[in-house]
Structures are given as structure tokens and as C-alpha cells.
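Novice: Let me begin by handing over the structure; questions about it come next.
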Amino acid sequence: MQFLLTAQTLILATAEDEGSGADLLLPATPELIAGVISFSIIFLMVWRWVLPTLNETLEKRQEAEKSRLEAAEVAKQEAESLLGDYRSQLAEAKTEAGRIVDEARQTAESVRQEAVGKAQTEADEILARARDEAAAESERAMAGARSEVANLSVDLAEKVVGQSLDRETQLGLVDAYLRDLESDSK
């Protein structure tokens, strides 16, 4: 509408200035009116038929983009969900691995303690047997020494006295003396 007013103003201005050379730049009034009417018809046709089709196409494109965005949002949520599941599974796996390592350490420690206990028991048994064997060997040695000392003392006494002594009596005396010495030393 404003265009028409501007066009009329220009027409009136050119009518007043017919001799100024503006008529060379502006078309003749009938041409100008025909151009405005043609432009208005084309504008109305575009407004009536082209713009609705163009708007419909743009709305379809907008809907398609909106559906793509919604699909992308759903995919993003699924990816975040999968990432959360993955992280929780990873945390569970780390916890499980830690538990397995702890169990292995405990098992190794118990096996080590069991082996140390068994070795200590065996060492104690070996030590006890060695003590028993040493005591038995000491007893045998003492008995042998007693016997030898008794025999030597009887032989010595016979040589000193020069006559035969009752061997059994002398051995009994020596054994009694040696027992007394052992009990005094303990």
C-alpha cells in the first residue's frame, strides 16, 4: 500500500517537473500503473499459492528436523544409559577383582601360616626325637661308663689288695657310689 502511495507521489512530482529531466528516469504514468497492477497480481498469486506451498514445505522440513533431534536425544539417552551400565559393570568388576585378590592374599597367608605351623611342628618333633635319642645315648654311655669304671675299679682293687675280691659285691659298691655321684650332680 505504501508502495502505491510512493508511486503516486513520484507521478505527481514528475507531472509538475516535466521539463526537469526526471521524466527520463521515471516511466510514463500508464506504464507505471500497469507495472503496479502487474506486480500486485503477481504478488497476490505468490501470496495465495506459492507461500502456502513454501510454508508447508518448510513445516515438513521443520518436522523432519524435529524428529531427527528427538531421535538424536533418544540415542543420546540410550548412550548415556549404556555408559552408566558400563561404568557400573566396570565398578563391579573392579570390586570383584579386589575381592578375588583379597581372597587370594588370605588364602596365601593361611597356606603360608599352615606351612609354617607344619614346619614348626615337624621341627619340634625332630627336636624332641633328637633329645630323646641324645638322652637314650647318654644313658647308654653312662651305663657303659659305669660298667667300665666298675670293672676297672675292681681290677685295680684286686691288684692293690693282691687277692681276688668278690666281684659281684665290688660291682654293687661301685654302682651305688656312681648313683650317689649322679644324684649329687643333678
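Per the working numbering, residue 6 is the first one in the sequence shown, and the count goes up by one each step.
Note that CB positions come from ideal geometry on N, CA and C, so glycine has one too.
No experiment lies behind these values; they were computed from the predicted model shown.
Taking the alpha helix (DSSP H) that Val41 falls in, what are its first and last residues?
Specialist: Its alpha helix (DSSP H) spans residues Thr34 to Met50.
Novice: If you measure between the beta carbons of Ser152 and Val179, is that distance less than 7 Å?
Specialist: Not a contact, by the Cβ cut-off of 7 Å.
Novice: Between the C-alpha atoms of Thr184 and Ala133, what's the straight-line distance to the nearest angstrom?
Specialist: One point to set straight first is that residue 184 is Arg, not Thr, in the sequence displayed. Arg184 and Ala133: Cα-Cα distance of roughly 26 Å.
Novice: In whole angstroms, give me the CA-to-CA distance for Val106 and Ala113.
Specialist: About 10 Å.
Novice: Gln118 to Leu95, Cα distance in whole Å?
Specialist: C-alpha separation (whole angstroms): 34 Å.
Novice: Since Ala148 contacts Leu176 with CB under 8 Å, what's their CB separation in whole angstroms?
Specialist: So it is not a contact: roughly 13 Å between Cβ atoms.
Novice: Look at the alpha carbon of Gln192 and the alpha carbon of Ser86, and state the distance between them as a whole number of angstroms.
Specialist: Residue 192 cannot be examined here, being either before or after the span of the chain that is shown, 6 to 191.
Novice: So what's Leu31 in DSSP terms, helix, strand or just coil?
Specialist: Three-state DSSP puts Leu31 in coil, outside helix and strand.
Novice: If you draw a straight line from the C-alpha of Met50 to the C-alpha of Leu29, how long is it?
Specialist: Looking at the two C-alpha atoms, the distance is approximately 31 Å.
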